[in-house]
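Trainee: Read left to right, the sequence shown gives residues 4 to 179 (our numbering). Ideal Cβ placement from N, Cα and C applies to all residues, glycine included.
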Amino acid sequence: MTGEASRPETRLGDVTPADRPRVGDILRATGHFRPEEIDTALEVFDSAFGLGVRRDPDYRWVGMRDAAGLLVGFACYGPTPLADRTWDLYWIAVEPGVQGGGAGSMLIKEVERRVADERARLMLIETGGREEYRGTRRFYERLGYAEQARLRDFYAPGDDRVTLTKRFDDRAAPGA
Ligand SMILES: CC(C)(COP(=O)(O)OP(=O)(O)OC[C@H]1O[C@@H](n2cnc3c(N)ncnc32)[C@H](O)[C@@H]1OP(=O)(O)O)[C@@H](O)C(=O)NCCC(=O)NCCS
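1. Quick one: using the 10 Å Cβ neighbour count with 16 as the cut-off for buried, is R25 buried or exposed?
2. Comparing C-alpha positions only, which one of Y148, D91, L30 and V165 sits nearest to Y136?
3. Return the CA-CA distance between E113 and A96, expressed in angstroms with no decimal places.
4. Just to confirm the assignment, what range does the beta strand (DSSP E) spanning T168 have?
5. I want to check one thing, is the minimum distance from the CB of Q151 to the heavy atoms of ligand 1 below 7 Å?
6. What is the rounded straight-line gap between the Cα of R69 and the Cα of L85?
7. Just the Cα atoms here: how many angstroms apart are V101 and T13?
8. Does the distance from the C-beta atom of I128 to that of L73 stay below 8 Å?
Encoded structure:
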């Protein structure tokens, strides 16, 4: 892991409804998400915790906190509807001051650990194909994700939708 000696102390844990403002702050601080994307993430947050809407247990959140307990990163994931043990990673974001210290990798590994308990077969991640997403794609590739599909001009002209996937042990397939 990089920056082991100097990186701020962080620890994995659950996300709670009280973290909602921090989720918005972190998404904004990354400079990576458009306002409508941030609104969508917060709608998903509200669904996950049943805040003013019916709770949807298929949106799961895992968080990363600093030594003071402040949320500094999170991932949101869930089972893909109508698929057999396929999961989606919907969002991952880390506070800019904490990026590069291994928090993002730890969040992904924690998501993988949690879905393994549910016999996950496949994880999907969708990301943009533009040049500015190259670093993010490399981050995923280092964690074992590979480009599986690309829908040209999906988000906008010149902005493809890239689907990265990682397969897990398939020995637990039905009937196996
Ligand atoms: C992607 C993200 C979650 C990674 O979190 P992190 O805590 O920085 O991740 P780690 O420290 O475990 O790994 C960082 C590695 O990925 C690379 N990386 C991640 N994002 C990068 C980017 N945008 N440009 C260049 N490199 C990037 C870093 O170079 C680093 O590599 P290194 O270990 O050789 O230094 C974080 O950068 C982030 O929040 N980005 C903005 C939001 C985003 O892109 N989310 C994903 C789309 S939903």
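Mentor: Quick look at the numbers:
1. In the sequence shown, the residue the question calls residue 25 occupies position 22. With 16 or more Cβ atoms within 10 Å of its Cβ, R25 is classed as buried.
2. Stepping through the sequence shown from its first residue, residue 136 is reached at position 133. It is V165 whose Cα lies nearest to the Cα of Y136.
3. Numbered from 1 along the sequence shown, position 110 holds the residue referred to as residue 113. Numbered from 1 along the sequence shown, position 93 holds the residue referred to as residue 96. Taking the straight line joining both Cα atoms gives about 14 Å.
4. The count along the sequence shown starts at 1 and reaches residue 168 at position 165. It spans D162 to R170 - the beta strand (DSSP E) in which T168 sits, taken as one unbroken run.
5. Working through the sequence shown from its first residue, we reach residue 151 at position 148. Answer for Q151: no, Cβ out of range of ligand 1.
6. Locating residue 69 in the sequence shown gives position 66, counting from the first residue. Locating residue 85 in the sequence shown gives position 82, counting from the first residue. First, the amino acid is wrong: residue 69 is Asp here, not Arg. When rounded, the distance between both Cα atoms is 37 Å.
7. Sequence index remark: in the sequence shown, residue 101 carries index 98 (1-based). Sequence index remark: in the sequence shown, residue 13 carries index 10 (1-based). Rounded to whole angstroms, V101 to T13 spans 9 Å at the Cα level.
8. Translated into the one-based positions of the sequence shown, residue 128 becomes position 125. Translated into the one-based positions of the sequence shown, residue 73 becomes position 70. No.
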